[in-house]
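Remarks on the structure that follows.
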Amino acid sequence: MVQLGGEVVDSACGLELGSIDQTIEMPPEPVGRLLRNTRGEDHPFQLRLVNCTLTRPDPSRPGATLPDWEHMRVTFDGATDRGGLSFAVFGGSQGVALHIVDAAGEESVPGQRMSPTPLSEGDMTLNYRFYLVGNGLPLVVGAHTAAVRFKLEYF
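Numbering (the UniProt record's numbering), first residue to last: 1 to 155.
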């Protein structure tokens, strides 16, 4: 037996399946590099939007449309560190937090919407990178994990 579920949503784009739940393994970060550079190495990741359409049907009036979708905005959210400026990491390591930046260099603040991005028809790739930053506590070596959620808004 196969059981399927789904949802119809009012959205300008679909999200590529591989973008929905990503697990990214970070290579070990030497303490010396963190001390020397005050931050870790960049680790790129992407959100891939597929089948974007700017036309926005009006669900309350069949055949009618609302104003076209023009922009989208991403919000990353999760447990915070550094006074709410970065994402918390958990595990054996100490003294580091996770920071996310988009391709234009805009820093993601947990729970706050990033600047709008113009929408275009078809597929779009949103490029980001994350890296470790010090959080003011003494550095302790060890493994760590972080969980970051994202939300896409279209308008």
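Note that beta-carbon positions come from the ideal geometry of N, C-alpha and C, so glycine has one too.
Across which residues does DSSP place residue i in a beta bridge pair?
i: Ile100; result: Phe130
i: Arg48; result: Thr125
i: residue 184; result: What is shown of the chain runs 1 to 155, which leaves residue 184 out entirely.
i: Gly14; result: Val50
i: Gly84; result: Beta-bridge pairing links Gly84 to no other residue.
Please state whether DSSP places residue i in a helix, a strand or coil.
i: Arg33; result: helix
i: Ser19; result: helix
i: Arg61; result: coil
i: Asp68; result: coil
i: Asp42; result: coil
i: Gly91; result: strand
Cα separation between residue i and residue j?
i: Ser19; j: Arg48; result: 6 Å
i: Ala12; j: Pro59; result: 14 Å
i: Pro30; j: Ala146; result: 18 Å
i: Val8; j: Phe87; result: Unreliable placement is indicated for Val8, whose pLDDT of 49 sits below 50; no coordinate value is reported for it.
i: Asp68; j: Pro57; result: 9 Å
i: Phe45; j: Leu17; result: 14 Å
i: Ser115; j: Arg82; result: 21 Å
i: Pro62; j: Phe155; result: 20 Å
i: Gly40; j: His71; result: 32 Å
i: Pro27; j: Phe90; result: 16 Å
i: Asp77; j: Arg129; result: 15 Å
Measure from the C-beta of residue i to each C-beta in chain C and report whether the shortest distance is under 8 Å.
i: Gly84; result: Going by chain labels, chain C is absent from the structure shown, which holds only one protein chain.
Since residue i and residue j are thought to touch, with beta carbons under 8 Å apart, how far apart are those beta carbons, to the nearest angstrom?
i: Glu121; j: Leu66; result: With a Cβ gap of about 17 Å, Glu121 and Leu66 do not count as contacting.
i: Thr75; j: Lys151; result: 5 Å
Handout entry: the segment 86 to 103 touching the segment 122 to 138, judged by at least three CB pairs closer than 8 Å
Key = The segment 86 to 103 makes contact with the segment 122 to 138: 3 or more CB pairs, one atom from each, lie closer than 8 Å.
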